[in-house]
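Data first, discussion second: the structure below is written as C-alpha cells.
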C-alpha cells in the first residue's frame, strides 16, 4: 500500500515536472535563438544549442534598437502606467465595492466593457482623440491608453479582493473618528497590498509588451519603447532574426525578474481575493 | 553603363504607366483633392504665374527655422537605405542650417497601419514613404492628402532623373514624387545544387521541368515558395503569364479584365499547376512565410527562388550558405507562349510623397530632391536596387556579382510590368493573390481562375 | 459608518477619474467606430453614410460567418479543454506535498512571455520541413503522421488554436489555484472524516465552492477567445484559404489591407456586442445555477 502510494506520487511528480519543463522551455529556446544566425535559425537547428555562439547579436541589438534609451522609456511608461492604474483602480474599486451610491453596478459594468474592445478597431478613433487633446508624441499617449485598457481587470481584481476583507476594521476606524479618506488610505490600502502586486504584474505584462499603440502614437525617437525598438530590426526584405531574439531576450529578462519578485505576493493576493471570485 | 540607363528608361516609362491616360476618368479623385487644396492655399492653389513670386517669398524667409518630418520603412541595418536616410539628416542640416529633418520609421504591416491612421487623422508627416507607387498611393492622392510638386521641381533635378522615370511618379498628369531605385524580379539558382544534381540552369520551360526532376531526384527541394504571405506566389503567376500571354496582353487585360478570360492566362495557370504537380515546390509552401523562404534559400534548403533583387543581401550575407553560389537568370521562356525572355516583372520605384498640408512645401521638395537622388545613386552603389538617376561617372566597384548580374539582365529588357498588386486596387489585389494561392493548391482549375480574374475591376492605371 | 460611506464628494473623487479616462479612451472611440460602421469609407477620403447597410452585408458574408464559426469553436476549446486542464492542474498543484511553489510559479511563465516570442517558437515547432513536432514524430517512427500542420486546411485551425490554449493555461490555473487555497481547510477535514476520497472531494467540495472563481475564469476566457488575434495572425495570417480566420483578423484585413474602413468597423462593433451578449448570458447561466443549488 505504501509503495503503491510512493509510485503514484512519483509518477505524479514526473508529470508535473514534465509540464514545468514545457512551460519554461520558451525561455531556454529564446536564449538559444538569440545566439544564432539566420543560417542556423532557418537551417533547422531549432532547439539545439548554437554551433557558433554569436554574442555579437546582443551588441548589434543594443546599438540598433537603441536599447538603453528605449529601455528607459519602457520603464518610465510602464511604471507610470502601473502607478496610475493602481491608484485609480483601487479608489474606484473601493467606491464601487464599499461605498453606498446609486449606479455602482452600472459603473462596474461600464468599466468591464473596456475588456471587450478589440484594440485594432479603436486605433484610428483613439488616435483622433489623442491628437485632439494634444497628447500624441508624449509619454501620455501611451500611458493613458494603457491605463484605460488596464483598468477593467484592475478594478475587477481589487474589488474582488476587497470583498474578502472584513468590514470590522473599517468600522473600528470609523468609530475612532477616521474620515473616508483615512479609511481608504490608512486602513484599506495597506490591507490590499497583495492585490496591488497582482495588478502590478498583470499591468506590467500588458504594457511592457504592447506594440500597436507604441508604433502608432509615437513618432519621436525620444519617446519610443523597447518593443518598437525591437520591431525596428525587422527589415523590409531581410531580417537578422538572431538579433531580434537578442532584443527580445533583453526585453524578457526584466519581465521574468519582476514576476519572480512579485509572484509570492501575487499568489497570496489571489488566494485572499478569491473568496468571492 | 549608358546602355543600361537607356534600358531603365524604357523600363520605367513602360511600367509607370499610363497613369496619365487613366487620369481623365478619376472623377471621384479630383473632388476631394480640390477640397484639400482649399485647406492648404499655400500648398497648391497658386497658378503658374504666382508660383515664382511665392518661391521668392520663401527664399526671403529662408533663415526661419524649419522642421521637416519624414516617415519611411528603412529601419533595419539590413536595409542599405537606412543609413542613407540617417546620413541625409545630418548632411542636409549642414547644407541648410535652418532646416532640421526629423525621421521616423517602422517596417511592413506596422508602417501601413501607422501611415494610414496618421493620414486619416490629419497627423501625417511632411514626407512619407509609399510602397512602390501604383495602387498603394492612389487612394491617398484621390483623397487629396498628397501634394503635386510640379511647381517646385528644379529643372536641374529633372535633368538628372533618367528620362521617362518621372512617369511613374505622375498621377493624373501631375508629378507627386521623384524616383529612387527600382527592383526587378529574377530567377535565383543555387549553382552548387544544380551542379550536384547534374541539372542545367533553365532557359526554357522544358529545361525548368527537367531541372525540377533532377533536383528532386538528387534530394533537393527544387523551388522554395513562401505562399503563407501569398505575394510570393503572385510573383510566379505575374511572370508566368508574362511568358504565356505577354506583357502587352497583360496591360490590355488590366484595362479590360474580361480579357483575363483568355487562352494566355489560362495557360499561365496551367503552367503553374504543372510545376505543382511536378513537386517543384516545397511541401510546406502554404505555411512558409516570405522570411522563411528567403532565409531558407540562403541556408541552402532549396535550389531556386523567384524574387526581386532586394534579396541580394540575404543571399550574400557572410553567414549564408549560398554566399558565392547563387546566379540570377531571367525567367525561362515558354515555347507556345506569346511572351519573350526580355519581358520582365518589376520596374516600379519606391517613392517619398509630400503631404498636401505641409507648411514648407518648397523646402520639403528640396529635401525630397536631395534624398531621392542620394537613395538613387548611393542605394544603387550599395546594392539596394537599380538606379533611376543618371549614374554616369559613379563608382560601381562596390557592387556584388549578383548586383551586377541583375543589372545586366535589366539591360536586355524590352518590357516591364510592376507587381500586379501595385496595379490592381487594394481589394482586387487581395482577390488575385487568393486566386493564385487556390491555383497552387489545385483547388480551382485554370479555367475557373481565368473566369474569376475577368470579374476584377478595370485598373485605374491602364 | 453609513454616513461616511455615502460621502458624495469622496465617491466623486474616487470614481470620476476612472470613469473619465474610460469615457475618453474607450467609450468615445467605440462611438466613433459605431459611426464609421455606418459609412461606406476607405479610411482616407470622404465617406458616404449608408446606415445599416454594412451590417446587412455582414449577415450575408460567408467569410464573416466562417470567421465567427472559427471563433466560436475556439470559445468551445477554451471553455471545455483549456479551463478543465487549468482546473485539474490547479487542484493537483494545490494538493501536492512538495514543490507547490515551484510548480505554480513555472506554470505561469508562458503568460509573461511576449506574443512575438511565442509566435516564433510555435512556427518552428510546426514547421513542415524541419519542425520539432515532425522531428518528434520521426523519432517515434510515426513518419506517416508528419505533415505541414499550419499549411493544410485540415489541421491549420486546431494547430493555430493550440499555442493560444497552451499559453493561458497557467493564467487560469493560477486564478483557480488561488480560489482553492482560499477554501477553508476545515471543510476538507470534515470531508475526509466523512470518508471521501480525493476524487469525491474534488467534485463534491472543491468545484462547487469554486463556482465564483470559475465564473471569473469562464468570463475572462470567453472574452479573450472572442478577441483572439495576435498569435493566429503571426502563425497563419488567417490562412490557408481563410480556414483560420477569426473576426478580429477579418476586421484588421478589411480595414488595413482592403481599405474598407466602414465595413471593418461594423465587424468591430459586432465583436463588442458579441462579447457583451455572451457575458450577460454567462451571468444568467451562473445565476440560475446558484438558484438551483
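Residue numbers (our numbering), protein chains in the order written: chain Y, 3 to 279; chain R, 36 to 497; chain U, 1062 to 1354.
Idealized CB from N, CA, C, for every residue including glycine.
Under 9 Å, do residue i and residue j count as touching if we go by C-beta distance?
| i | j | result |
| --- | --- | --- |
| residue 175 (chain R) | residue 140 (chain R) | no |
| residue 1248 (chain U) | residue 131 (chain Y) | no |
| residue 1218 (chain U) | residue 1140 (chain U) | no |
| residue 269 (chain Y) | residue 1159 (chain U) | no |
| residue 222 (chain R) | residue 364 (chain R) | yes |
| residue 341 (chain R) | residue 448 (chain R) | no |
| residue 34 (chain Y) | residue 19 (chain Y) | no |
| residue 240 (chain R) | residue 369 (chain R) | yes |
| residue 288 (chain R) | residue 303 (chain R) | no |
| residue 129 (chain Y) | residue 158 (chain R) | yes |
| residue 1168 (chain U) | residue 1322 (chain U) | no |
Could you give the C-beta distance for residue i and residue j, rounded to a whole number, given that I count them as a contact under 8 Å?
| i | j | result |
| --- | --- | --- |
| residue 253 (chain Y) | residue 218 (chain Y) | Between residue 218 (chain Y) and residue 253 (chain Y) the Cβ distance is about 19 Å, and since that is not below 8 Å, they are no contact. |
| residue 453 (chain R) | residue 386 (chain R) | The pair is not a contact, with the Cβ atoms about 13 Å apart (cut-off 8 Å). |
| residue 471 (chain R) | residue 268 (chain R) | 5 Å |
| residue 141 (chain Y) | residue 78 (chain Y) | 6 Å |
| residue 400 (chain R) | residue 226 (chain R) | Incorrect: roughly 46 Å between the Cβ atoms, too far for contact. |
| residue 202 (chain Y) | residue 264 (chain Y) | 6 Å |
Assign residue i to one of two classes, buried (16 or more other C-beta atoms within 10 Å of its C-beta) or exposed (fewer than that).
| i | result |
| --- | --- |
| residue 216 (chain Y) | buried |
| residue 1208 (chain U) | buried |
| residue 55 (chain Y) | exposed |
| residue 1178 (chain U) | buried |
| residue 1019 (chain U) | In the structure displayed, chain U extends from 1062 to 1354; residue 1019 (chain U) sits before or after that span and is not available. |
| residue 248 (chain Y) | buried |
| residue 477 (chain R) | exposed |
| residue 1345 (chain U) | exposed |
| residue 1121 (chain U) | exposed |
| residue 1066 (chain U) | buried |
| residue 273 (chain R) | buried |
| residue 1265 (chain U) | exposed |
| residue 1126 (chain U) | exposed |
| residue 17 (chain Y) | exposed |
| residue 209 (chain R) | buried |
Could you tell me which residues DSSP puts in a beta bridge with residue i?
| i | result |
| --- | --- |
| residue 258 (chain R) | R:316 and R:339 |
| residue 137 (chain R) | R:104 |
| residue 293 (chain R) | DSSP, once it has assigned bridges, lists no residue as partnering residue 293 (chain R). |
| residue 1110 (chain U) | U:1100 |
| residue 196 (chain Y) | Paired residues: none, contrary to the question. |
| residue 424 (chain R) | R:196 |
| residue 381 (chain R) | R:219 |
| residue 189 (chain Y) | BP columns for residue 189 (chain Y) are empty, so no partner. |
| residue 388 (chain R) | R:163 |
| residue 181 (chain R) | R:390 |
| residue 254 (chain Y) | Bridge partners of residue 254 (chain Y): none, in fact. |
When the Cα of residue i is compared with those of the options, which residue comes out closest?
| i | options | result |
| --- | --- | --- |
| residue 1204 (chain U) | U:1193, U:1211 and U:1213 | U:1193 |
| residue 348 (chain R) | Y:237, Y:250, Y:257 and Y:247 | Y:237 |
| residue 110 (chain Y) | Y:125, Y:94, Y:207 and Y:75 | Y:94 |
| residue 435 (chain R) | R:417, R:334 and R:99 | R:417 |
| residue 162 (chain Y) | U:1221, U:1232, U:1239 and U:1227 | U:1239 |
| residue 1275 (chain U) | U:1234, U:1291 and U:1182 | U:1234 |
| residue 1286 (chain U) | U:1162, U:1244 and U:1224 | U:1224 |
| residue 328 (chain R) | R:425, R:445, R:313 and R:346 | R:346 |
| residue 1175 (chain U) | Y:262, Y:250, Y:77 and Y:62 | Y:250 |
| residue 63 (chain Y) | R:397, R:411, R:112 and R:467 | R:112 |
| residue 1131 (chain U) | U:1295, U:1304, U:1172 and U:1291 | U:1304 |
| residue 266 (chain Y) | U:1191, U:1088, U:1162 and U:1137 | U:1162 |
| residue 375 (chain R) | R:458, R:284 and R:319 | R:284 |
| residue 1211 (chain U) | R:324, R:208 and R:350 | R:324 |
| residue 129 (chain R) | R:422, R:115, R:402 and R:411 | R:402 |
| residue 228 (chain R) | R:216, R:110 and R:252 | R:252 |
| residue 1320 (chain U) | R:152, R:319 and R:315 | R:152 |
Does the beta carbon of residue i sit closer than 9 Å to a beta carbon anywhere in chain A?
| i | result |
| --- | --- |
| residue 247 (chain Y) | The displayed structure is made up of protein chains Y, R and U, and chain A is not among them. |
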